[in-house]
C-alpha cells in the first residue's frame, strides 16, 4: 500500500543521491510489473470494459493513486499489457525466420503461433479475442503486429525466390492468416489433437504452395 511505498524508498543519511535514484527506479519498475501482472488477470477474467482501476489496484496490492502514478488510465494500462504479449508473438516469429532452410523457417513460423496460443493463453485472448479490440488504439497495435510479421516473412520469401515483394507479401499474409486462425481454432476446440499434428497440417499446406515458387538458390 501507500505506506509501504514510502518506507521502501526511505534512505539513510549516508545513502548517495545515485543510490537513492537507483532505489526509486527499482521500486518504480517493481510497482509497474506488479500492476501489469494484476491488470492481466483482471482484463482476462473481466474483460476490458467491465474491469475497473479499483479492481486492478486491489489485485496489485496498491492504492488507486499509486496505480495512477504509473498509468494515466485504464486504456494506457491495457495497452501496456497488450504490448507485452504482442512483443512476445512478434519476437517469436522473427526468431523463427532465423532457422536454416526454407521449410524449417515455415515450420518454425507456424509453431510460433501454436506455441503462443498454447503457452500464452491469456495473451492470445487479449491480442485476438478481447472486447478491447473495439478501441482504435488497440486495433492499430494488433494490425501493426500482424504487418510486422507479414513483412518479416515476405522479406525472406522475396530474398530467396523470384517473386517481387508484393507477391511475396501475399504469400506471407496467407501463412500468417492460416497459422493464426488454425492455432486459435485448435485451442478453442480444446486441443482435440496433438499440437504437432495440428501444426503439421498448416505447415504442409503452406509449404505446398511455397515449394512451387522458383528459388534464387537451392535450399
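Numbering (the numbering used here), first residue to last: 3 to 221. The beta carbon of each residue, even a glycine, is placed where N, CA and C say it ideally should be.
Whose C-beta lies closer than 6 Å to the C-beta of residue i among residues of the same chain, with five residues either side of it excluded?
{"i": "residue 188", "result": "200"}
{"i": "residue 53", "result": "44 and 45"}
{"i": "residue 185", "result": "115, 116 and 119"}
{"i": "residue 62", "result": "36, 37 and 40"}
{"i": "residue 76", "result": "55"}
{"i": "residue 107", "result": "99 and 101"}
Assign residue i to one of two classes, buried (16 or more other C-beta atoms within 10 Å of its C-beta) or exposed (fewer than that).
{"i": "residue 146", "result": "exposed"}
{"i": "residue 210", "result": "exposed"}
{"i": "residue 4", "result": "Because residue 4 carries a pLDDT of 39, less than 50, the predicted location of this residue cannot be relied on, and no value is offered for it."}
{"i": "residue 181", "result": "buried"}
{"i": "residue 116", "result": "buried"}
{"i": "residue 183", "result": "exposed"}
Check each candidate in the options and name the one with the smallest Cα separation from residue i.
{"i": "residue 198", "options": "109, 92 and 98", "result": "109"}
{"i": "residue 154", "options": "167, 144, 116 and 62", "result": "167"}
{"i": "residue 96", "options": "51, 156 and 71", "result": "156"}
{"i": "residue 143", "options": "207, 113, 81 and 47", "result": "81"}
{"i": "residue 161", "options": "138, 104, 183 and 111", "result": "104"}
{"i": "residue 71", "options": "93, 19 and 34", "result": "34"}
{"i": "residue 50", "options": "112, 111 and 79", "result": "79"}
{"i": "residue 204", "options": "92, 150, 113 and 28", "result": "113"}
{"i": "residue 91", "options": "42, 135, 148 and 206", "result": "148"}
Quick check: is any heavy atom of the ligand HEM less than 7 Å from the C-beta of residue i?
{"i": "residue 156", "result": "Ligands in the displayed structure: none, and consequently the ligand HEM is not present."}
Only counting the same chain, and skipping five residues up and downstream in sequence, which positions put a Cβ closer than 8 Å to that of residue i?
{"i": "residue 32", "result": "none"}
{"i": "residue 225", "result": "Coverage of the chain is limited to positions 3 through 221, which leaves residue 225 absent and any answer about it impossible."}
Closer than 7 Å by C-beta to residue i: which residues in its own chain qualify, once you throw out the five before and the five after it? Chain order, please.
{"i": "residue 152", "result": "171, 174, 175 and 178"}
{"i": "residue 87", "result": "122, 125, 128 and 129"}
{"i": "residue 84", "result": "128, 129, 140 and 143"}
{"i": "residue 150", "result": "92"}
Item checked: Completely contained alpha helix (DSSP H) runs for the segment 61 to 106, where each covers 4 or more residues -> Counting only runs that start and end inside the segment 61 to 106, the alpha helix (DSSP H) elements of at least 4 residues fall at 66 to 72 and 76 to 98.
Next item on the list: Kindly provide the ranges of any alpha helix (DSSP H) runs that are 4 or more residues long and lie completely inside the segment 146 to 207, ordered along the chain.
Entry: Listed in chain order, they are 167 to 190.
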